[in-house]
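Okay, structure first, notes after.
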Amino acid sequence: MRILGINALFHDPAAALVIDGHTVAAAEEERFSRRKHGKRPLPFSAWELPEKAAAWCLAEAGLRPQDLDAVAYSFDPRLARPADTMGLDDPWDHLRLAYAREAPNFLHTALPGLDPEKVRFVPHHMAHAASSALAAPGAETSSVLVLDGRGESTSHLAGRRVGDRIEPLYGQELPHSLGLVYEDLTEHLGFLRSSDEYKVMALASYGTPRMLGELRKHVHATGDGGFRAAGVPWAELCPPLRPGEAWTQDHADLAASAQACLEETLLDLVRWLHGRTHDSLLTMAGGVALNCVANSRIAREGPFDRVWVQPASGDAGTALGGALHLAASGGDRTEPLAGADLGRRWSDAELEGWLKTAAVPYERPADVAETVAEALADDQIVAWFQGRSEYGPRALGHRSLLAHPGRSGNLERLNDVKGREQFRPVAPMVLADRAPEIFDGPMPSPYMLFVHEVAEEWRDRIPAVVHVDGTARIQTVDPVNEPLVARMLGSFERRTGLPVVVNTSLNTAGRPMVDDPRDALECFGSSPVDLLAIGPFVVRRGTFFAGGQPDATGAAEPLSATDTEGFAAVGSVPSYGTPDGVSARPVHTAPVREPVAGSGAAAAGIAGTGPGLPGAGPGGVTGAAGPEGAPGGGADTPGMPR
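Encoded structure:
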């Protein structure tokens with residue numbers, strides 16, 4: 207079957223394409239729109255669909271909307287109840303539900319040719335569960351736990367996968383929600399709810415859980431598979447912060463207390479689940495599963511032998527989960543997820559077309575991995591743009607900023623580049639076979655969804671990646687799956703003796719992760735990054751701002767002022783990081799000219815049609831309604847830095 211999955215109702219709109227049980231493509235709308243999270247989770251934005259992501263998924267497989275066998279929409283409005291009956295203060299929630307009921311018509315408008323009768327409603331938590339249980343390696347019999355903010359009427363699903371079926375065992379009814387409680391705390395601490403929960407987790411490392419006893423009165427497991435989590439009097443525990451206001455030790459202690467309370471509750475839930483299933487493998491999804499500190503405690507202290515977390519655990523992952531659920535229900539055998547690199551890609555010729563169009567100086571070294579390793583060893587910051595982009599919030603060696611881990615100042619340096627708070631850590635990448643020498647925790651860890659203790663003897667050697675609590679959120683690299691990254695790591699170790707490189711997402715403050723070549727050039731030009739490695743090509747900061755363009759022999763020729771108009775960037779180049787003798791001049795803000803036909807911009811610039819406002823929906827749209835208690839959440843929750 208050819209199935210398109212759609213997440214649209216709350217936030218992080220995304221699309222995924224599954225053909226005969228195989229995941230072909232998946233992408234988040236933010237990577238096309240350049241609006242972080244795609245949209246805010248408001249009822250008035252519920253109709254906004256991932257049009258460009260969906261169109262790209264179809265184009266990647268050479269399909270038209272009319273070629274699809276089904277479309278999975280990861281929310282079932284038939285299972286929802288009025289917000290006031292669920293104890294939620296959301297007077298506009300009825301508008302969100304009205305939009306959801308009309309989703310088949312909205313999709314028909316956005317994807318001309320699609321038969322609206324092919325749209326199937328998949329309960330939200332079932333979509334989350336399928337994204338993990340049906341995608342995890344070796345998971346044909348496994349337990350699954352989903353937690354996030356909210357969905358149709360619940361905030362959680364505990365269940366079991368047997369073959370290609372997922373059997374729900376428990377669903378916690380709203381208003382009790384671990385995700386919403388963590389969102390409330392995020393807002394109380396002056397951060398943006400449904401977006402900045404990972405900042406709370408990072409801040410927690412600076413505090414002590416001295417308020418844990420008080421929080422336990424409001425947030426705790428009930429012993430029957432559910433929990434209580436509502437009505438926490440945050441202001442009585444600690445004064446609120448306004449956005450941008452400096453935090454105090456009391457605020458760090460509150461974050462630490464909430465994090466500890468979350469971990470305790472999750473441990474109780476997984477112990478209850480294991481007591482019912484006795485499985486060796488636990489799979490997880492939902493926004494709460496992006497909390498890598500909690501994941502690690504579950505792996506360390508919980509009863510399961512293995513824990514696997516969906517790399518796109520937030521709402522974006524329900525696009526994939528919904529498609530996998532319909533595939534399995536239709537008799538297709540679903541395949542384990544091979545990796546998170548499911549997004550857009552460009553050929554070498556297409557990348558060179560972008561560089562020529564942007565009129566930037568570039569070179570093609572014999573081995574880009576060696577060139578990057580040399581730059582990193584020289585303490586340069588490298589923007590790394592390789593292969594397909596990642597699905598989910600983690601940069602996993604395809605759209606990354608890389609740096610030397612042995613320079614303690616590189617944490618502050620990278621946070622300055624990205625416009626981030628200085629209390630937030632950056633992550634290390636390391637070859638899988640070297641990781642146990644340096645890090646203690648769940649292995650392998652290819653998706654940065656666990657934290658690991660850094661061995662005492664290594665902490666002074668790689669200070670840039672060691673968080674204040676002595677941990678690091680690592681990515682282990684398999685040379686078979688990531689040969690280019692593995693070569694770069696090996697070359698860096700030969701030069702420095704360190705088998706670790708700093709890896710954080712390639713983006714600047716408030717922007718989504720870089721996805722296409724235009725994004726990469728804008729990010730490179732607007733931030734103090736020393737080198738851009740884009741496919742087999744390298745752009746160096748010095749030659750870029752000196753204004754030279756290599757000729758056919760590789761020699762740089764001066765550019766006139768108008769020659770640089772093809773490059774788009776935002777703002778001016780910060781003063782530090784510019785090579786000696788090179789003046790940092792303002793960067794042009796004119797848009798990049800599109801490459802010539804066939805240069806790779808086609809996939810990048812798929813235009814959406816706009817959802818419009820269609821009339822009444824088709825009668826009797828069939829859906830895959832799950833058992834009572836199965837539907838699930840919508841709000842993104844605790845995770846680590848982007």
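Our numbering puts the first residue of the sequence shown at 207, with every later residue one more than the last. Note that CB positions come from ideal geometry on N, CA and C, so glycine has one too. Only a predicted model underlies this, so the values are computations on that prediction, with no experimental measurement involved.
Exercise. Check whether the stretch 358-378 touches the stretch 404-412, counting contact only when three or more Cβ pairs, one atom from each stretch, lie closer than 8 Å.
Key: no
Quiz item: Which same chain residues, not among the five before or five after H426, have their C-beta less than 7 Å away from its C-beta?
Solution: Excluding positions up to five away in sequence, the list reads F433, R434 and T471.
Quiz item: In its own chain, which residues sit with a C-beta less than 7 Å from the C-beta of L690, not counting the 5 before and 5 after it?
Solution: A575 and Q592
Exercise. Within the same chain, show all residues whose beta-carbon is closer than 7 Å to that of Y376, passing over the 5 residues directly before and after it, in chain order.
Key: So the list reads A364, G431, G432 and G835, once near-sequence residues are dropped.
Quiz item: When the Cβ atoms of the stretch 542-550 are set against those of the stretch 656-670, are three or more pairs found closer than 8 Å?
Solution: Because the criterion of three Cβ pairs below 8 Å is not met, the stretch 542-550 and the stretch 656-670 do not touch.
Quiz item: How close, in whole Å, do the beta carbons of A581 and L737 come, if the pair is a contact with beta carbons under 8 Å?
Solution: 5 Å
Exercise. Kindly indicate which three-state DSSP category D622 falls into: helix, strand or coil?
Key: helix
Quiz prompt | Same chain, Cβ closer than 6 Å to T392, five either side skipped, listed in chain order | solution = R399, D402, E403 and V406
Quiz item: Sorted by chain position, which residues of the same chain lie with C-beta nearer than 6 Å to F397's C-beta, five sequence neighbours on each side aside?
Solution: K405
Self-check item: A822, DSSP secondary structure in three states
Solution: Because the pLDDT of A822 is 32, which lies under 50, any placement of that residue in the model is unreliable, and the number read from its coordinates should be weighed accordingly. Coil.
Quiz item: In angstroms, rounded to a whole number, what distance separates the CA positions of D769 and R241?
Solution: The predicted position of D769 is uncertain, since its pLDDT is 35 and thus under 50; no value can be drawn from it.
Quiz item: Three-state secondary structure (DSSP) at S239?
Solution: helix
Quiz prompt | Limits of the beta strand (DSSP E) - the one that R506 falls within | solution = Where R506 is concerned, there is no enclosing beta strand (DSSP E), although the alpha helix (DSSP H) it sits in stretches over C498 to E507.
Practice problem: Kindly indicate the opening and closing residues of the beta strand (DSSP E) around W590. | Solution: V588 to F591
Quiz prompt | Pick from A436, E358, G741 and A267 that is closest to E304, judged by C-alpha positions | solution = Checking the displayed sequence, the identity of residue 304 turns out to be Ala instead of Glu. The option with the nearest alpha carbon to A304 is E358.
Self-check item: Close-in-space but distant-in-sequence residues of the same chain around V632 (CB under 7 Å, 5 per side omitted)
Solution: Counting only Cβ-Cβ distances below 7 Å, and skipping sequence neighbours, we find L617, L620, A670, V671, V708 and T710.
Self-check item: Opening and closing residue of the alpha helix (DSSP H) in which T714 lies
Solution: It is not in any alpha helix (DSSP H) - T714 carries neither H nor E in the DSSP assignment.
Quiz item: What three-state label does DSSP hand Q378 in the structure shown?
Solution: coil
Quiz item: Is it buried or exposed for V683, if we count other Cβ within 10 angstroms and need 16 for buried?
Solution: buried
Quiz item: Roughly how many angstroms separate the alpha carbons of V510 and R570, rounded to a whole number?
Solution: The sequence given here has Phe at residue 510, not Val. Their backbone Cα atoms lie some 48 Å apart in a straight line.
Self-check item: Residue(s) in a DSSP beta bridge with V683
Solution: L637
Exercise. Would you kindly work out how many angstroms separate the C-alpha atoms of D485 and T714, rounded to a whole number?
Key: 42 Å
Quiz item: Excluding five sequence neighbours on each side, which residues of the same chain lie with their C-beta closer than 7 Å to the C-beta of A641?
Solution: The beta carbon of A641 lies closer than 7 Å to those of M649, I680 and T682 in the same chain, with the five residues before and after it left out.
Practice problem: Give me the Cα-Cα distance between G676 and A441, rounded to the nearest whole angstrom. | Solution: 31 Å
Exercise. Quick one: grab the DSSP three-state call for L473.
Key: helix
Self-check item: Extent of the continuous alpha helix (DSSP H) to which W514 belongs
Solution: For W514, no alpha helix (DSSP H) run applies; the uninterrupted beta strand (DSSP E) run containing it begins and ends at R512 to V515, by DSSP.
Practice problem: Would you tell me roughly how many angstroms separate the C-alpha atoms of D554 and E451, rounded to the nearest one? | Solution: In a straight line, the C-alpha of D554 is about 46 Å away from that of E451.
Quiz item: Mind checking if R399 is an interface residue toward chain D, Cβ cutoff 7 Å exclusive?
Solution: No chain D is present in this structure, which holds just one protein chain.
Self-check item: Three-state class that DSSP yields for T315 in the structure shown
Solution: helix
Quiz item: Below 8 Å, can you find three or more Cβ-Cβ pairs linking the stretch 463-479 to the stretch 333-342?
Solution: no
Practice problem: Determine the DSSP secondary structure at M332, reduced to helix, strand or coil. | Solution: helix
Quiz prompt | Proximity below 7 Å, CB of T524 to CB of N213 | solution = Cβ distance < 7 Å, so T524 and N213 count as in contact.
Quiz item: What is the residue span of the alpha helix (DSSP H) that M694 lies within?
Solution: Membership of M694 in the alpha helix (DSSP H) is indicated by the continuous run P689 to T702.
Self-check item: Same chain, Cβ closer than 6 Å to Y279, five either side skipped, listed in chain order
Solution: I212, A309, V325 and F327
Quiz item: Given that a residue counts as buried once 16 or more other Cβ atoms are within 10 Å of its Cβ, and exposed if not, what is A233?
Solution: buried
Exercise. Reducing DSSP to helix, strand and coil, say where F645 ends up.
Key: strand
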